[in-house]
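Working notes for the structure below.
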Amino acid sequence: HSMVEYEDGAVMAQLGTPDMKLPIQYALYYPERRYLPGARLDFWKMGKLELEEPDMETFTGLRLAYEAGRVGGSLPTVFNAANERAVSLFLARKIGYLDIPAIIEECMRVHRVIPEPTVAEILAAEQMVYEQIESRWK
């Protein structure tokens with residue numbers, strides 16, 4: 102369900118059956134890994150792995166995550182902090198699901214990126230996002 106590309110070009114993939122049982126179990130019991138009964142990913146039966154390019158218009162959050170990573174600096178912190186707070190608001194039933202990427206995008210749009218932030222600047226950027234969201238989306 103995920104892939105990470107390293108600086109040297111190597112890609113590490115985490116694969117599983119096409120359901121959310123394993124990711125949900127992992128989230129519930131992290132950092133412990135427990136036995137999960139049921140189907141296993143069988144490469145021999147699968148035959149081949151087909152990947153499709155994600156639709157960045159449909160998956161706005163993914164587009165914003167890529168943008169934050171591409172720009173770098175303090176923007177990934179802003180993305181993460183905005184996502185964290187927006188999801189909390191959604192879980193508290195204060196905003197709709199589709200409001201999550203809109204909030205993230207707004208926070209990223211108004212942020213002045215610090216190219217090489219210090220730890221203090223990262224923490225300050227995070228706090229500014231929290232305050233922006235608290236003042237606008239209670």
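Residue numbers for the sequence shown follow my numbering, beginning at 102 and rising by one.
Every residue, glycine too, gets a C-beta built ideally from N, C-alpha and C.
Fair warning: this is a prediction, and the values are worked out from it, not measured in the lab.
Here the alpha carbons of Arg-164 and Arg-141 stand approximately 31 Å from one another. Counting of Cβ neighbours within 10 angstroms places Met-157 among the exposed residues, the total staying below 16. Proximity of the region 186-201 to the region 219-229 falls short of the contact definition, fewer than three beta-carbon pairs being nearer than 8 Å. As summarised for the region 127-163, there are no continuous beta strand (DSSP E) elements at least 3 residues long confined to that stretch. Under the 10 Å beta carbon count, Ala-183 is surrounded by 16 or more other beta carbons and is classified as buried. In the displayed model, Val-105 falls within a strand according to three-state DSSP.
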